[in-house]
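Enquirer:
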Amino acid sequence: MSDTSLIRFEAVAPLRAQVAAWRAAGERVVLVPTMGALHAGHLALVARARELGRRTVASIFVNPTQFGPTEDFSRYPRDTETDLALLAEAGADAAYLPDVATMYPPGFSTRVEVDEVSQGLCGAFRPGHFSGVATVVTKLLNQVQPDIALFGEKDYQQLLVIRRAVRDLDLPVEIQGVPTLREADGLALSSRNRYLSPEERRAAPRLHAVLASIARGLAAGAEAGLLLAEGRAELEAAGFGPVQYLEVRDAETLAPVERADRPVRILAAAYLGRTRLIDNLAAVTP
Ligand code: AMP
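Okay, so the sequence shown: first residue is 227 according to the numbering used here, each after it adds one.
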């Protein structure tokens, strides 16, 4: 049985006091930032946090500044009571649930912009998204002041953007990535999967299957351009469209890869009906 005593915070000062007390007692504090609508992928981050540190804080904040004007901010799933029960069950120590005025008080006018890794891929299709992410995560790190913060590899570009911001701004926290949790059929767990119709849900695992097949092709020495063209055609045949991107990039910098002579990542974003799915996979190259 997990300890179900989850402390709930909405304001910064009492949360900081609690975190300071834990740290003064020699306990490491791990932050897991989320937008709620929690699923087993989020809970895998909480489980990892519990392995790493004595105390786990999960934040839930649907961040308006990382959604574009035509995106799903208003319909993004919100179910705080269920989320809190799941966090308690998973053994988190605290939930931080700031409201919009706490994160963006009147007159708020500072943004964190990360160049290079924010450009291309999702950055090309979601203008302002990574600036919104980097800004809110910088605030969360400053508010909570954890020793470690965990982010899923599911959002691989986001993980690299945050690593870069933390490094560039000397934020005193260690960023760790956590492997993507998948359904048995390969579909990466995502809060947005609940938008899928039964038919779309049946097609959705093709995204991972295509990435896995490109990874196998690269490992066998096949040419990336050909594999990507075939993969795109396969996604479109399975009902995906538009396929926003399907690319092989440098795993560290996300720079386009001309020769597969270093660790690479295959990344994709594609619509299935009205739902935008993203996924990515590491690839070994010969
Ligand atoms: P979100 O609530 O979508 O902002 O996600 C919160 C955190 O959970 C992010 O660091 C995500 O990368 C991570 N995450 C989301 N889905 C998964 C998954 N299937 N496996 C591992 N981590 C995930």
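Think of the CB as a built atom: it goes at the ideal place given N, C-alpha and C, for glycine as much as any other residue.
Less than 7 Å between the C-beta atoms of LEU437 and ILE504, yes or no?
Expert: For LEU437 and ILE504, no; Cβs fall outside 7 Å.
Enquirer: Is the beta carbon of THR260 within less than 6 Å of some heavy atom of the ligand AMP?
Expert: Result yes, Cβ under 6 Å from the ligand AMP.
Enquirer: What three-state label does DSSP hand TYR322 in the structure shown?
Expert: Correct three-state label for TYR322: strand.
Enquirer: May I have the straight-line CA-CA distance separating ARG304 from GLY447, to the nearest angstrom?
Expert: So the alpha carbons of these two residues sit roughly 45 Å apart.
Enquirer: Using 8 Å as the threshold, is the segment 265 to 279 in touch with the segment 323 to 339, meaning 3 or more CB pairs across them?
Expert: Judged by Cβ distances under 8 Å, the segment 265 to 279 makes no contact with the segment 323 to 339, as fewer than three pairs qualify.
Enquirer: Under 8 Å by Cβ, that's how I've got ALA316 and VAL272 pegged, so tell me the actual separation to the nearest angstrom.
Expert: Yes, they are in contact, since the Cβ atoms of ALA316 and VAL272 sit about 4 Å apart, within 8 Å.
Enquirer: Quick one: what does DSSP say ASP476 is sitting in, helix, strand or coil?
Expert: In the structure shown, ASP476 sits in a strand (DSSP, three-state: E or B).
Enquirer: Which residues mark the beginning and the end of the beta strand (DSSP E) in which VAL404 is found?
Expert: 400 to 404 is the span of the beta strand (DSSP E), which, as asked, contains VAL404.
Enquirer: Using a Cβ distance threshold of 8 Å, determine whether the segment 294 to 311 contacts the segment 248 to 256, with at least three qualifying pairs required.
Expert: Segments in contact, no.
Enquirer: Within a Cβ cutoff of 6 Å, which residues of the same chain sit near LYS380, ignoring the five residues on either side of it in sequence?
Expert: Cβ neighbours of LYS380 beyond the five flanking positions: THR406 and ALA414.
Enquirer: Please determine, among GLU339, ALA246 and ARG280, the residue with the shortest C-alpha to C-alpha distance to ARG389.
Expert: It is GLU339.
Enquirer: Decide if the segment 362 to 372 is in contact with the segment 276 to 289; the criterion is three or more beta carbon pairs, one per stretch, under 8 Å apart.
Expert: Counting Cβ pairs under 8 Å, three or more are found: they touch.
Enquirer: Classify TYR421 as helix, strand or coil using the three-state DSSP reduction.
Expert: Looking at TYR421 - three-state DSSP - the assignment turns out to be helix.
Enquirer: Residues in the same chain with beta-carbon distance under 6 Å from GLN383, minus the five sequence neighbours each way, listed in chain order, please.
Expert: Only LEU347 and CYS348 meet the Cβ criterion.
Enquirer: Below 8 Å on the Cβ atoms is my contact criterion, and I expect ILE233 with ALA320 to pass it. Report the Cβ-Cβ distance as a whole number of Å.
Expert: With 8 Å as the limit, ILE233 and ALA320 qualify as a contact, their Cβ atoms being about 5 Å apart.
Enquirer: If we count the other Cβ atoms within 10 Å of its Cβ and call it buried at 16 or more, is PRO240 buried or exposed?
Expert: PRO240 is exposed by the Cβ-count criterion.
Enquirer: Between GLY378, PRO353 and VAL387, which has its C-alpha nearest THR364's C-alpha?
Expert: The residue with the shortest Cα to Cα distance from THR364 is VAL387.
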